[in-house]
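A.B. asks: Let me give you the structure first, and then I'll get to my questions.
Number of protein chains: 2
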Amino acid sequence: MQMPFEWRAACRRGEYSQPTVEVPRATGYAVANLVVMPRELALDFFLYAQRNPQPVPILEVTDPGDPILHTVAPGTDVRTDLPRYRVYRRGALVEEPTDIRRWWRDDLMAFILGCSCTVDVALAQRGVPIRSEDEGRGALFKTNIHTRPAGVFHGRLVVSVRPVPAEQVDLVADVTSRYPACHGAPVHIGDPGAIGIADLGRPDWGPPLRLQPGEVPVFHACGVTPQMAAIESGVDLVITHAPNHMLVTDMQAEDLMRL
Amino acid sequence: MQMPFEWRAACRRGEYSQPTVEVPRATGYAVANLVVMPRELALDFFLYAQRNPQPVPILEVTDPGDPILHTVAPGTDVRTDLPRYRVYRRGALVEEPTDIRRWWRDDLMAFILGCSCTVDVALAQRGVPIRSEDEGRGALFKTNIHTRPAGVFHGRLVVSVRPVPAEQVDLVADVTSRYPACHGAPVHIGDPGAIGIADLGRPDWGPPLRLQPGEVPVFHACGVTPQMAAIESGVDLVITHAPNHMLVTDMQAEDLMRL
């Protein structure tokens, strides 16, 4: 598959349910995170995003009850066109389905958020080595950094990590800072312990990561942050994409770069 | 006065009630627009902003009932610290006071939006002539361009205009595009009639403008757009800054430039 609609159509038919974390690097297209929540939470969520733009870069929001996207991937049905979802009821994970039509309600709104995997395209073009998923791409960690609260939303920042050769750290910081819609500049560079991460080999989500000699870990804010905040609000229903099973959008990665 | 807190303190004491449109160029500080609305409208307003980022660049939003800013001008009381306000009840202008404490309620939220006057600083530094208010700075026009609707919000785009020497039009487009939080790139360049403006000498708000020979009008989205959309929603209470009587923030204009 090379075109975004091919992934989405395969998801809709139930024929694709694998991670999409490597799609940007393979195709040049942007992937995006999903959080679905009841309308009653949406105002607080917008406030939370406004106060925490790095972990919560909103790309598109649907009207209550409308599962169809109009901007980042027009015609996409967010209930069927992602490879895999997580369904939380009152804060508890109850299901990890490939289709959420049976959970859909008239009061649900879908928030589409930028994803740092999208920037892999630009980094690879500049000669930065990108791990494959087997080598730890997609490892995510809870930090000890607190987000700015808003209404029912609060909690600690979740980060992704890039192992970067020391001489390329400045380059990675510069390139990623040009993608504010994909979490922007690093939130931390170096010692994982300084932000409360005990062991890169034991991520909270995704595959384990091992640093190679000469590599520095570079941490970026992650869209799992607001997902966790939504889940921990204890609201009756929150649905997210399963970690690393993002929406494949119609936007080229470079469309999300600021000029 | 040279420091932002001096303007705000003078406003609070009732000693300053004049336009602040020339403050950025005089001091280097950013000014910002204000829209206050009941919580019941706020979700739709966030959706409207997300779908219309050029006219609605949100810089800060207060919690319901809280009139104090924490980010763009910490400690500012939005009820007293702007020079002049407009109060609308069910869509009708009822008062143009210098203090809105008597209108304040526990369900009101203040939205602070970027303002294109802030970019005057960067343009003047690059040799672009900036009109004084007497010469038409602050003239605002309703266009025939429709915004993307969201909930109760819809309506036509309001624009500000810069008369620019023809040879500097590309420069102005380039510089303003680097300030997305201040309405960003031009929405139109040249013929006012093409966007439904009959006469630059008869603005909908602000002073009349006369083009000089060799000048091209350059139009930018304006924060009056969402103010009008809020007013026209017919909600019981909306309060805005009076046109050209913006909040003077603690942010330097360059703080709002993207890198």
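Top line first, the protein sequences correspond to chains A and B.
If you're matching positions, the first sequence starts at -8 in this note's numbering and goes up one per residue.
If you're matching positions, the second sequence starts at -8 in this note's numbering and goes up one per residue.
Positions of the beta carbon are idealized from the N, C-alpha and C atoms, including for glycine.
On a predicted model such as this, the values are computed, not experimentally measured, just so you know.
(1) Quick check: is the beta carbon of Gln41(B) nearer than 8 Å to any beta carbon in chain A?
(2) The ligand HEM heavy atoms versus the CB of His137(B): any closer than 7 Å?
(3) Does Asp222(B) come out as helix, strand or coil in the three-state DSSP assignment?
(4) Would you identify the three-state DSSP class for Gln159(B), choosing helix, strand or coil?
(5) Looking at Ile186(A): is its Cβ nearer than 8 Å to the Cβ of Val27(A)?
(6) Return the residues of the stretch 45 to 75 of chain A that lie within a Cβ-Cβ distance of less than 7 Å from chain B, sorted by chain order.
(7) Under three-state DSSP, which class holds Val143(B)?
(8) Mind checking whether Tyr76(B) and His232(B) have CB atoms under 8 Å apart?
(9) Using a Cβ-Cβ cutoff of less than 6 Å, which residues in the same chain neighbour Ser151(A) once the five nearest sequence positions on both sides are dropped?
(10) Using a C-beta cutoff of 8 Å, does Leu250(A) count as contacting chain B?
(11) Measure from the alpha carbon of Thr167(A) to the alpha carbon of each residue in Asp182(A), Val178(A), Leu60(A), then state which is nearest.
(12) Would you mind working out which of Ala0(B), Asn135(B), Val110(B), Tyr79(B) sits nearest Val226(B), comparing C-alpha positions?
(13) May I have the straight-line CA-CA distance separating Arg139(B) from His61(A), to the nearest angstrom?
(14) Are Asp90(A) and Arg70(A) touching if we call contact CB-CB under 8 Å?
(15) Listed from N- to C-terminal order along the chain, which residues in the stretch 20 to 41 of chain A have their beta-carbon within a distance smaller than 8 Å of any beta-carbon of chain B?
(16) Work out the CA separation of Pro156(B) and Gly(-7)(A) for me, nearest whole Å.
(17) If you compare alpha carbons, which of Arg92(B), Ala23(B), Gln116(B), Glu86(B) is closest to Gly56(B)?
(18) Could you compute how far the alpha carbon of Leu250(B) sits from the alpha carbon of Val14(B)?
(19) Mind the definition here: the stretch 41 to 51 of chain A touches the stretch 135 to 149 of chain A only if three or more C-beta pairs lie below 8 Å; say whether that holds.
(20) By DSSP, does Ala189(B) sit in helix, in strand, or in coil?
(21) Gly118(B): buried (16+ other C-beta within 10 angstroms of its C-beta) or exposed?
(22) Quick one: give me the first and last residue of the alpha helix (DSSP H) that Tyr39(B) is part of.
(23) Along the beta strand (DSSP E) that carries Arg77(A), what are the first and last residues, could you check?
(24) Rounded to whole angstroms, what is the Cα-Cα separation between Ala83(A) and Met242(B)?
(25) Between which two residues does the alpha helix (DSSP H) holding Thr62(B) run?
(26) Looking at the unbroken beta strand (DSSP E) that takes in Asp227(B), where does it start and where does it end?
(27) Considering only the alpha carbon of each residue, which of Ile188(B), Val160(B), Arg81(B) lies closest to Ile136(B)?
(28) Give every residue of the same chain whose Cβ lies closer than 7 Å to the Cβ of Leu200(B), excluding the five residues on either side of it in the sequence, and list them in chain order.
(29) According to DSSP, simplified to helix, strand and coil, what is Leu250(B)?
(30) Enumerated in chain order, which unbroken segments of the alpha helix (DSSP H) with a length of 4 residues or greater are wholly contained in the stretch 91 to 117 of chain B?
(31) Do Pro10(A) and Asn235(A) have their CB atoms nearer than 8 Å?
(32) Just how far apart, CA to CA, sit Leu247(A) and Pro65(B)?
(33) Can the beta-carbon of Leu254(A) be found less than 8 Å from the beta-carbon of Ala33(B)?
(34) Straight-line CA distance for Val52(A) to Val63(A)?
C.D. replies: Walking through what the data contain:
(1) Taking the second sequence and counting its residues from 1, one reaches residue 41(B) at position 50. Yes, its Cβ sits closer than 8 Å to a Cβ of chain A.
(2) In the structure shown, the ligand HEM is absent, as is every other ligand, since no ligand is present at all.
(3) To locate residue 222(B), count along the second sequence from 1; it is residue 231. Checking the displayed sequence, the identity of residue 222(B) turns out to be Ile instead of Asp. Helix at Ile222(B).
(4) In the second sequence, residue 159(B) corresponds to position 168, counting from 1. Three-state result, Gln159(B): helix.
(5) Counting from 1 along the first sequence, the entry for residue 186(A) is found at position 195. Counting from 1 along the first sequence, the entry for residue 27(A) is found at position 36. No; because the gap between Cβ atoms is not below 8 Å, this pair is not in contact.
(6) Ile49, Val52
(7) As a position in the second sequence, residue 143(B) is number 152, starting the count at 1. DSSP places Val143(B) in coil when its eight states are reduced to three.
(8) One-based indexing of the second sequence puts residue 76(B) at position 85. One-based indexing of the second sequence puts residue 232(B) at position 241. Yes, these two residues count as a Cβ contact at 8 Å.
(9) In the first sequence, residue 151(A) corresponds to position 160, counting from 1. Only Ser107, Leu131, His211, Cys213 meet the Cβ criterion.
(10) To locate residue 250(A), count along the first sequence from 1; it is residue 259. Its pLDDT being 49, under 50, Leu250(A) is placed unreliably in this model, and the value from its coordinates should be taken loosely. Yes, Leu250(A) counts as interfacial toward chain B.
(11) Working through the first sequence from its first residue, we reach residue 167(A) at position 176. The option with the nearest alpha carbon to Thr167(A) is Val178(A).
(12) By one-based count along the second sequence, residue 226(B) stands at place 235. Among Ala0(B), Asn135(B), Val110(B), Tyr79(B), the Cα nearest to that of Val226(B) belongs to Tyr79(B).
(13) As a working note, residue 139(B) is residue 148 in the second sequence. As a working note, residue 61(A) is residue 70 in the first sequence. Their backbone Cα atoms lie some 12 Å apart in a straight line.
(14) Taking the first residue of the first sequence as 1, we reach residue 90(A) at position 99. Taking the first residue of the first sequence as 1, we reach residue 70(A) at position 79. Contact flag set, yes.
(15) Arg30, Ala33, Leu34, Phe37, Leu38, Gln41
(16) Counting from 1 along the first sequence, the entry for residue -7(A) is found at position 2. Counting from 1 along the second sequence, the entry for residue 156(B) is found at position 165. Note on residue identity: the sequence assigns Gln, not Gly, to residue -7(A). Their backbone Cα atoms lie some 47 Å apart in a straight line.
(17) As a working note, residue 56(B) is residue 65 in the second sequence. When only C-alpha atoms are compared, the closest one is Arg92(B).
(18) Residue numbering aside, residue 250(B) sits at position 259 when the second sequence is read from its first letter. Residue numbering aside, residue 14(B) sits at position 23 when the second sequence is read from its first letter. Here the model assigns Leu250(B) a pLDDT of 49, short of 50, so the residue's position is not dependable and the matter cannot be decided.
(19) yes
(20) Here the question's residue 189(B) lines up with position 198 in the second sequence. Coil.
(21) On the second sequence, position 127 is the one that residue 118(B) refers to. It is exposed - the Cβ of Gly118(B) has fewer than 16 other Cβ atoms within 10 Å.
(22) For the purposes of this step, residue 39(B) is taken as residue 48 along the second sequence, with counting starting at 1. Run containing Tyr39(B): 30 to 42, per the alpha helix (DSSP H) assignment.
(23) Translated into positions along the first sequence, residue 77(A) becomes position 86. Unbroken beta strand (DSSP E) run through Arg77(A): 76 to 80.
(24) Against the first sequence, residue 83(A) aligns to sequence position 92. Against the second sequence, residue 242(B) aligns to sequence position 251. Taking the straight line from one Cα to the other gives about 42 Å.
(25) Within the second sequence, residue 62(B) is the residue found at index 71, counting from 1. Where Thr62(B) is concerned, there is no enclosing alpha helix (DSSP H), given that its DSSP letter is neither H nor E.
(26) Position 236 of the second sequence, counted from the first residue, corresponds to residue 227(B). First-last for Asp227(B): undefined, no H or E at that position.
(27) Position 145 of the second sequence, counted from the first residue, corresponds to residue 136(B). Nearest of Ile188(B), Val160(B), Arg81(B) to Ile136(B), Cα basis: Ile188(B).
(28) For the purposes of this step, residue 200(B) is taken as residue 209 along the second sequence, with counting starting at 1. Gly127, Ala130, Val152, Pro154, Leu191, Gly192, Pro194, listed in sequence order.
(29) Position 259 of the second sequence, counted from the first residue, corresponds to residue 250(B). The predicted position of Leu250(B) is uncertain, since its pLDDT is 49 and thus under 50; a value taken from the coordinates is nonetheless stated next. Coil, per DSSP.
(30) 111 to 116
(31) For the purposes of this step, residue 10(A) is identified with residue 19 of the first sequence, where counting begins at 1. For the purposes of this step, residue 235(A) is identified with residue 244 of the first sequence, where counting begins at 1. Taking 8 Å as the Cβ cut-off, Pro10(A) and Asn235(A) qualify as a contacting pair.
(32) Within the first sequence, the letter at position 256 stands for residue 247(A). Within the second sequence, the letter at position 74 stands for residue 65(B). Going from the Cα of Leu247(A) to the Cα of Pro65(B) covers about 31 Å.
(33) What is shown of chain A runs -8 to 250, which leaves residue 254(A) out entirely.
(34) Residue mapping note: residue 52(A) aligns to position 61 of the first sequence, counting from 1. Residue mapping note: residue 63(A) aligns to position 72 of the first sequence, counting from 1. Rounded to the nearest angstrom, the two C-alpha atoms are 10 Å apart.
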